[in-house]
Amino acid sequence: MKPFAPSPDDLAKAADLHNRLLSIDAHVDIPLDFGGGGDDGPGCFDLPKAARGKLSAAALCIHAGPHRTGDAAGRTAGAAEQRRRYDIITGIARDYPDKAAIVLSPDELRQAAADGRFAIILSLQNAEPLAGLDDLDAWHERGVSMLGFNFIGNNSWSDSARPYPYVGGSLSSGGLSPLGKAGVERLNDLGVIIDVAQMSAASLADILALSRVPVVASHAAPRARVDVDRNLSDDELRAIAQAGGVVQVVGFASYLVLRDPQTRVRLTALWQEHGLAAPTRLSDFYSVNDPATAHWDEERFLHFLHEYHVALDLDTPIASVADYVDAIEHVIAVAGIDHVGIGSDFNHGSGVVGWRNVGDNLNVTAELIARGFSEARIAQLWGGNFLRVWQQVLDGARPAGSHPTPMKDS
1 MKPFAPSPDD LAKAADLHNR LLSIDAHVDI PLDFGGGGDD GPGCFDLPKA ARGKLSAAAL
61 CIHAGPHRTG DAAGRTAGAA EQRRRYDIIT GIARDYPDKA AIVLSPDELR QAAADGRFAI
121 ILSLQNAEPL AGLDDLDAWH ERGVSMLGFN FIGNNSWSDS ARPYPYVGGS LSSGGLSPLG
181 KAGVERLNDL GVIIDVAQMS AASLADILAL SRVPVVASHA APRARVDVDR NLSDDELRAI
241 AQAGGVVQVV GFASYLVLRD PQTRVRLTAL WQEHGLAAPT RLSDFYSVND PATAHWDEER
301 FLHFLHEYHV ALDLDTPIAS VADYVDAIEH VIAVAGIDHV GIGSDFNHGS GVVGWRNVGD
361 NLNVTAELIA RGFSEARIAQ LWGGNFLRVW QQVLDGARPA GSHPTPMKDS
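Going by the UniProt record's numbering, the first residue of the sequence shown is number 1, and it counts up by one from there.
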């Protein structure tokens, strides 16, 4: 882990700069036990922390955890989970209308910032609970501005960077399914940003070939830092940039710095305990891809998953803000400054030393200042590039969609 100690002068400059720029975090998870947006609670995001970190906006994620692809009960459970997160996130704006607003465009985001309100961008991750294209329309009507097909496990729309046979049933189905390909066109027509984070290389290639407008990888890291499929190769970084898109660099320590060899020892023992063939590379332990797991029942899989996360020891710090900015600089070197942004993955990735929650955002900016980044370049990273792509996506929409409306009780 690289040392990180921001100077008081750089922190003061960062605070002054954040008073004048729009800062956007492209991916923040919201836990189901979220205590309330107005409380400075134990999680990584709430309105007091956003104010402390001088964050203008964030894409708050309506995501569903892994459920078996094609399983009706799992799809129902995933849909209910997404509904609960939608209610939690929209409740922030409902309960604190003078402090937060859901925004549907860059112009609305700018207006919210001018009014002193935190701007909430609704983002949805994991399309498996969605039964078809009409569900894309429905989520757009509810205000979703960005949607990613994948989480862990291949699903009925797209292959994942982490196939998880327990979830997806197989290691590959060749990228986007016919439904996923149709979904690209529908999302383009609706003016919804396509989030390509966490999808397989084949699915990413399919989307870049099909999409009429640029895409966003809302929380991704360069594979040059940690060689795992969840991270983007240099060729993939360049391809996203050549299509006009943006890679929002993720603040998840394990994808920025490879964990220590003792982690491999613990994981090897866990694999062997469960009768799985242990991978030869530490990085291959970052996904549970043994085909034998496809036949496990839910209780066994969830028990293994709990032990897996204990063995990973994600709470032990291995990366700092300095390591994070190293990753940003790598993506800039490969893709160009116009195609890089910030996506913390807070409440899932848990941050890095010096950036544990959105209240620590000034530390990231202070490190950028210390490395000689100009104000204009920092403004691009913190939101300018994301806003450019968002506007291009809206401009490329074909139908005149109806104004999004809140989800109605069923």
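Glycine residues also receive a C-beta, built at the ideal position from the N, C-alpha and C atoms.
Every value quoted in this text rests on a predicted model; they were computed, and no experiment measured them.
Where do the ends of the beta strand (DSSP E) carrying residue i lie?
i	result
leucine 124	118 to 125
glycine 341	340 to 343
glycine 102	For the record, residue 102 in the displayed sequence is isoleucine; it is not glycine. That run of the beta strand (DSSP E) goes 100 to 102.
Buried or exposed: which applies to residue i, given that a residue is buried once 16 or more other Cβ atoms fall within 10 Å of its Cβ?
i	result
serine 172	exposed
histidine 309	exposed
glutamine 242	exposed
serine 170	exposed
asparagine 19	exposed
alanine 209	exposed
histidine 306	exposed
glycine 35	exposed
arginine 212	exposed
residue 421	Examination of residue 421 is not possible in this model, given that the chain is present from 1 through 410 alone.
threonine 280	exposed
residue 413	Absent from the structure is residue 413, since the part of the chain shown begins at 1 and ends at 410.
arginine 75	buried
threonine 316	exposed
histidine 140	buried
histidine 295	exposed
Starting from residue i, follow the alpha helix (DSSP H) in both directions and report where the run begins and ends.
i	result
alanine 209	201 to 210
aspartate 137	133 to 141
glycine 168	165 to 168
histidine 219	Taken as a continuous stretch (DSSP letters only), histidine 219 belongs to no alpha helix (DSSP H), being part of the beta strand (DSSP E) at 216 to 220.
leucine 187	178 to 190
histidine 330	321 to 335
glycine 78	72 to 95
aspartate 39	Neither: aspartate 39 is in no alpha helix (DSSP H) and is coded neither H nor E.
leucine 109	106 to 114
So what's residue i in DSSP terms, helix, strand or just coil?
i	result
serine 402	Annotation note: pLDDT 45 at serine 402 (below 50); position unreliable, no value reported.
serine 56	coil
aspartate 29	strand
serine 410	Confidence in serine 410 is poor, its pLDDT being 41 and thus under 50, which makes the residue's placement too unreliable to answer from.
residue 424	Since the first and last residues shown for the chain are 1 and 410, residue 424 lies out of range.
glycine 383	helix
valine 358	helix
leucine 17	helix
histidine 63	strand
glycine 148	strand
valine 213	coil
residue 412	This structure does not reach residue 412, given that the chain is present from 1 up to 410, and the question cannot be answered.
May I have the straight-line CA-CA distance separating residue i from residue j, to the nearest angstrom?
i	j	result
alanine 397	arginine 68	33 angstroms
glycine 175	phenylalanine 151	14 angstroms
leucine 204	leucine 237	11 angstroms
aspartate 25	aspartate 260	29 angstroms
aspartate 338	arginine 377	9 angstroms
proline 42	glycine 354	16 angstroms
glycine 132	alanine 366	45 angstroms
tyrosine 164	phenylalanine 304	13 angstroms
glycine 53	leucine 312	29 angstroms
alanine 112	alanine 57	9 angstroms
aspartate 409	phenylalanine 4	Note that aspartate 409 scores a pLDDT of 48, beneath 50, so its modelled location is shaky; the value from the coordinates is reported in the next line. Near 48 angstroms, if we compare the C-alpha coordinates of phenylalanine 4 and aspartate 409.
histidine 403	isoleucine 240	The predicted position of histidine 403 is uncertain, since its pLDDT is 46 and thus under 50; a value taken from the coordinates is nonetheless stated next. Cα to Cα, the separation comes out at about 30 angstroms.
arginine 264	leucine 282	6 angstroms
isoleucine 328	serine 374	15 angstroms
alanine 269	leucine 276	10 angstroms
valine 184	glutamate 299	35 angstroms
serine 105	cysteine 44	25 angstroms
proline 129	alanine 379	36 angstroms
valine 389	alanine 59	14 angstroms
asparagine 385	aspartate 395	15 angstroms
proline 31	glycine 244	32 angstroms
proline 97	glutamate 108	14 angstroms
aspartate 229	alanine 253	16 angstroms
alanine 119	aspartate 33	22 angstroms
glycine 343	threonine 90	20 angstroms
asparagine 361	alanine 14	9 angstroms
Within the 8 angstroms Cβ cut-off, does residue i reach chain C?
i	result
glycine 383	Although the question refers to chain C, the structure presented lacks it and comprises just one protein chain.
Do residue i and the ligand SAH come close, with the Cβ less than 7 angstroms from some heavy atom?
i	result
leucine 190	For the structure depicted, the ligand SAH is absent and the ligand set is empty, with no information on it obtainable.
| request: Jot down the residue ranges of each uninterrupted alpha helix (DSSP H) in the stretch 224 to 257, minimum 4 residues, whole runs only, in chain order. | output: Listed in chain order, the complete alpha helix (DSSP H) runs (minimum 4 residues) inside the stretch 224 to 257 are 234 to 242.
| said: Extract the residue ranges of the alpha helix (DSSP H) inside the stretch 247 to 309, only unbroken runs of 4 or more that lie entirely within it. | reply: 261 to 273
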